[in-house]
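Residue numbers (the numbering used here): 28 to 304.
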Amino acid sequence: MIWRIRGRDHDLSRRGWIMGVLNVTPDSFSDGGSFATAEAAIEHGLGLLAEGADLIDVGGESTRPGAVPVPEDEELRRVLPVVRGLRGRARVSIDTSKAAVAREALEAGADIINDVTGLQGDPDMAAVAAATGAGVVLMHMQGTPQTMQKAPHYDNVVAEVGDFFRHALEQAVSSGIDPMCIALDPGIGFGKTPGHNRDLLAALDAFQEFGRPLVIGVSRKSFLGHLAGTTDPADRFWPGVALTSFCRESGAAIFRVHDVKPHREALRMTEAILGDA
28 MIWRIRGRDH
38 DLSRRGWIMG
48 VLNVTPDSFS
58 DGGSFATAEA
68 AIEHGLGLLA
78 EGADLIDVGG
88 ESTRPGAVPV
98 PEDEELRRVL
108 PVVRGLRGRA
118 RVSIDTSKAA
128 VAREALEAGA
138 DIINDVTGLQ
148 GDPDMAAVAA
158 ATGAGVVLMH
168 MQGTPQTMQK
178 APHYDNVVAE
188 VGDFFRHALE
198 QAVSSGIDPM
208 CIALDPGIGF
218 GKTPGHNRDL
228 LAALDAFQEF
238 GRPLVIGVSR
248 KSFLGHLAGT
258 TDPADRFWPG
268 VALTSFCRES
278 GAAIFRVHDV
288 KPHREALRMT
298 EAILGDA
């Protein structure tokens with residue numbers, strides 16, 4: 028499975044990637060405010076690299092349920108110093124749904140656009156991706172961060188996410204984006220109940236038809252506690268690590284996580300076993 032990023036091909040078929048989460052925000056659901064200064068964020072990003080992250084996902088606007096949108100200039104103020112500080116030291120993705128933020132972050136040293144709207148938000152985002160050859164993560168979300176967890180409903184969540192991927196891919200390619208630059212994210216927790224999340228994870232094989240790398244982000248999310256039968260947020264850690272192994276066996280290639288080292292170890296162990304199968 029090849030992911031093309033800025034003209035370079037990366038084969039993820041036998042060795043998946045760990046995407047380390049770097050939230051430069053005061054209100055993210057699990058680590059809001061911990062890395063709100065550029066210095067602290069850069070130091071944390073380098074720490075994620077030292078633990079084995081393959082890329083760092085820098086975000087300046089929280090997408091937790093109910094999060095309030097951040098003005099463009101504030102988002103740029105948060106993320107650009109961090110992207111510049113990591114430039115040449117890390118492969119960086121910019122977690123944004125604003126084309127202007129993506130454009131400036133790419134100029135500052137990022138290589139990947141991680142858009143939670145799947146290019147359905149800002150009408151200029153596809154053009155930015157096409158012009159730069161950046162890697163692109165198309166994520167599915169029902170609604171917006173403000174509305175997504177208000178009674179999400181699907182007749183068939185797997186089929187409907189698949190339909191979204193089909194439409195988003197067609198739209199992206201028609202906008203000039205190289206299909207090899209695209210990865211797909213089913214958006215676990217974004218407009219889904221715990222049951223919807225479970226159904227998507229159980230059916231990841233259904234998305235192999237698109238021939239694009241799958242990104243999975245389950246780290247620290249509340250549905251882990253729901254499915255594991257616990258209300259303590261601390262108890263979400265090991266279920267998340269287990270899902271990295273499970274999802275790799277099911278064909279996922281990129282794992283967006285907060286705690287890099289244990290997820291990396293689970294990923295490498297799974298790949299070692301699958302490689303001998």
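Beta carbons: idealized from backbone N, C-alpha and C, even for Gly.
Cut-off 8 Å between Cβ atoms - residues of its own chain near residue i, not counting five sequence neighbours on either side
i	result
Leu165	Asp142, Gly145, Leu146, Phe192, Ala195, Leu196, Ala199, Ile209, Ala210, Leu211, Asp212
Val85	Leu49, Val51, Ala68, Gly72, Val106, Val109, Val110, Leu113, Val119, Ser120, Ile121, Asp122, Ala132, Ala137
Ala299	none
Pro179	Gln169, Gly170, Gly218, Lys219, Thr220, His223
Gly43	Arg275, Ala279, Ala280, Ile281, Phe282, Leu294, Glu298
Gly34	Gly160
Residue i versus residue j - alpha carbon distance
i	j	result
Leu294	Leu75	16 Å
Leu228	Ile281	14 Å
Thr64	Glu102	13 Å
Arg291	Gly238	24 Å
His253	Tyr181	19 Å
Ser201	Ile139	19 Å
Glu236	Glu66	42 Å
Asp38	Leu82	15 Å
Ser40	Pro289	21 Å
Pro53	Ala186	36 Å
Ser124	Val163	12 Å
Pro96	Pro260	25 Å
Val268	Asp100	36 Å
Ser249	Asp205	35 Å
Ser89	Glu70	20 Å
Residue-level contact to chain C via CB, residue i, 9 Å cutoff
i	result
Pro96	The structure shown contains no chain C; it holds only a single protein chain.
Proximity below 9 Å, CB of residue i to CB of residue j
i	j	result
Ala127	Ala154	no
Val287	His223	no
Ala156	Ala135	no
Gly160	Ile29	no
Leu301	Leu270	no
Arg104	Gly87	yes
Gly203	Met168	no
Phe234	Val188	yes
Ala158	Leu231	no
Met207	Asp36	yes
Neighbourhood of residue i by C-beta distance below 6 Å, restricted to the same chain and skipping five residues each side
i	result
Gly80	The residue asked about is misnamed: residue 80 is Ala in this sequence, not Gly. Ile45, Gly47, Val287, listed in sequence order.
Ala255	Pro266
Glu78	Val287, Lys288
Close beta carbons around residue i, own chain, < 7 Å, minus the five adjacent residues each side
i	result
Pro98	none
Thr297	Ser272, Arg275, Glu276
Arg225	Leu254
TODO: Take every Cβ of the region 241-249, pair it with every Cβ of the region 273-291, and state whether three or more of those distances are shorter than 8 Å.
DONE: A contact exists between the region 241-249 and the region 273-291.
- [ ] Spell out a yes or no on whether the region 97-110 and the region 118-129 are touching, meaning 3 or more CB-CB pairs, one atom from each, closer than 8 Å.
- [x] Yes, they touch.
Open item on the list: I want to know whether the region 262-269 touches the region 218-227 - three or more CB-CB distances under 8 Å.
Closed with: Between the region 262-269 and the region 218-227, the count of Cβ pairs shorter than 8 Å is below three; the stretches do not touch.
Task: Three-pair Cβ contact test at 8 Å for the region 147-157 versus the region 172-186 - done: Taking 8 Å as the limit for Cβ pairs, the verdict is that the region 172-186 does not touch the region 147-157.
TODO: Kindly provide the ranges of any alpha helix (DSSP H) runs that are 4 or more residues long and lie completely inside the region 92-140, ordered along the chain.
DONE: As far as the region 92-140 is concerned, its whole alpha helix (DSSP H) runs of at least 4 residues are 99-113, 126-135.
Task: Complete runs of the beta strand (DSSP E) confined to the region 197-253 [at least 3 residues] - done: For the region 197-253, the continuous beta strand (DSSP E) assignments of 3+ residues that do not extend past its boundaries occur at 209-212, in sequence order.
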